[in-house]
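K.L.:
First the structure, which I've put down as structure tokens, then a few questions once you've had a look.
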Amino acid sequence: DAGVTQSPTHLIKTRGQHVTLRCSPISGHKSVSWYQQVLGQGPQFIFQYYEKEERGRGNFPDRFSARQFPNYSSELNVNALLLGDSALYLCASSLGWGWTEAFFGQGTRLTVV
Amino acid sequence: DAKTTQPPSMDCAEGRAANLPCNHSTISGNEYVYWYRQIHSQGPQYIIHGLKNNETNEMASLIITEDRKSSTLILPHATLRDTAVYYCIVRATGANSKLTFGKGITLSVRP
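Chains A and B are the protein sequences, given in the same order. Going by our numbering, the first residue of the first sequence is number 1270, and it counts up by one from there. Going by our numbering, the first residue of the second sequence is number 82, and it counts up by one from there.
Listed below in structure tokens is the structure:
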């Protein structure tokens, strides 16, 4: 069975640009969460989506947005990129709301120059 | 969610048991203890979770003290592939499913 897949695996962007990261959850999982992990720190929660609705948001600016599609895949969008947005972006899928046995993808390494 | 405290690092010899401690003295009655690990450059991997009873699966055992203020993750026969950052997380179910990661404990397994 396929696990959580994220694309692209690596990305280099310039300050001020926009980026879209994609995530496909495990088949049957209806909840997707996004995390940001900067070097040397643990992952920090950005968003959770369940049944295409936002169910939780971390302490991130409005430049960060996300959505979930009818097939439960998800996109994370970041506008007006800053150097500090350079990080590993992780997607996690779980069966449903309140289910914390989450399965993570390998992440997208974003470098902003 | 309650806060957890873990030592920054520890090591153990290959083939020996690795006992990773976690303090969660402010844990509430409806909060579970979760353990994840992250091998370098990979996404975090779920290991085990528990409420108050000890739990065991194919990867590890979780021992929670009777007062639930601390727990220990046990890897019974550590291998070099168990070298990773291990995160102890406390949270309640039935609500926002976010996981609040700290810095974790870096386990180094030596040959």
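All C-beta atoms in this analysis are idealised placements derived from N, C-alpha and C, irrespective of residue type, glycine included.
So, Leu180/B versus Pro1312/A, is the Cβ gap smaller than 9 Å?
P.N.:
The answer is yes: Cβ separation under 9 Å.
K.L.:
Cβ closer than 8 Å: which chain A residues qualify as neighbours of Thr181/B?
P.N.:
Phe1314
K.L.:
Using alpha carbons as the reference points, say which of His1298/A, His1279/A and Ser1342/A lies closest to Cys1292/A.
P.N.:
For Cys1292/A, the nearest C-alpha among the options comes from Ser1342/A.
K.L.:
Less than 9 Å separating the beta-carbons of Val1288/A and Gly1374/A?
P.N.:
no
K.L.:
Please compile the residues from chain C whose C-beta is within a distance smaller than 7 Å of the C-beta of Gly185/B.
P.N.:
Given the protein chain composition of this structure (A and B), no chain C is represented.
K.L.:
Tell me which residues share the same chain as Asn104/B and place their Cβ nearer than 6 Å to its Cβ, disregarding the 5 neighbours each side in the sequence.
P.N.:
Closer than 6 Å at Cβ, skipping near neighbours: Thr86 and Ser151.
K.L.:
Give the straight-line distance between the Cα atoms of Phe1329/A and Ser1296/A, rounded to the nearest whole angstrom.
P.N.:
28 Å
K.L.:
Taking all protein chains shown into account, decide if Leu101/B is buried (16 or more other Cβ within 10 angstroms of its Cβ) or exposed.
P.N.:
Classified as buried, Leu101/B has 16 or more neighbouring CB atoms from the shown chains inside 10 Å of its CB.
K.L.:
Which residues does DSSP pair with Ile1281/A in a beta bridge?
P.N.:
Thr1380/A
K.L.:
Distance check for Gly96/B and Phe1335/A, CA to CA, integer angstroms please.
P.N.:
The sequence given here has Ala at residue 1335/A, not Phe. Ala1335/A and Gly96/B have their alpha carbons spaced roughly 44 Å apart.
K.L.:
Among Ala165/B, Ala159/B and Pro88/B, which has the Cα closest to the Cα of Pro125/B?
P.N.:
Ala165/B
K.L.:
Provide the residue(s) that pair with Tyr167/B in DSSP beta bridges, ordered along the chain.
P.N.:
Arg118/B and Ile186/B
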